[in-house]
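Numbering follows UniProt numbering, in which position 75 of the sequence shown is assigned residue number 75; successive positions increment by one, without gaps.
Glycine is no exception: its CB is placed at the ideal position from the N, C-alpha and C atoms.
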Amino acid sequence: MESLMGIGPTRKNRDRGDLVFSILKELYISDGQIGITRLIYKVNTNYVIAKDILEMLSGSGLIENQAKNERNGFKVTEKGLRFIEAYERINSILGFKRI
Numbered sequence: 001m002e003s004l005m006g007i008g009p010t011r012k013n014r015d016r017g018d019l020v021f022s023i024l025k026e027l028y029i030s031d032g033q034i035g036i037t038r039l040i041y042k043v044n045t046n047y048v049i050a051k052d053i054l055e056m057l058s059g060s061g062l063i064e065n066q067a068k069n070e071r072n073g074f075k076v077t078e079k080g081l082r083f084i085e086a087y088e089r090i091n092s093i094l095g096f097k098r099i
C-alpha cells in the first residue's frame, strides 16, 4: 500500500519572526494604505494574531498607527525599515528563499 506521506497540501509553518517580517513588508509596500482586514488576507493569518503582532510592533517603535479617512492604517517607521533590511540580509546569508 502506498504511503500517504507527502500527499495533500503542504504548508510551511511560519515562526513568529517570519510573520512579523511579512506584516512589516506588507505595511511598507502599501505605504500605510492598508487596513487590518486586507493585511490579514495578504499575510494569511487571523485577526487575533495580526492584532497581537501589530500591538507589539507599535510598542517596539517599528510601526506607527495613523488614521486616514476615519480608517486605521499603519506606517513602517525608520526602525521598522531597518528591521526589514536586516531580516532580508540574514535570510540571504543563510540561503533562505524570500518570503
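Residues near residue i in its chain [Cβ-Cβ closer than 8 Å; skip 5 each side]
i	result
residue 64	58, 74, 75 and 77
Residue i, buried or exposed, once every other Cβ within 10 Å from all chains shown has been counted against 16
i	result
residue 94	exposed
residue 81	exposed
residue 53	buried
residue 43	buried
Per DSSP, cross-strand counterpart(s) of residue i
i	result
residue 65	74
Close-in-space but distant-in-sequence residues of the same chain around residue i (CB under 7 Å, 5 per side omitted)
i	result
residue 34	26, 27 and 73
residue 40	46, 47 and 50
Member of the options whose CA lies at the smallest distance from the CA of residue i
i	options	result
residue 45	83, 84, 23 and 86	23
residue 83	13, 15, 20 and 16	20
residue 15	66, 49, 41 and 36	49
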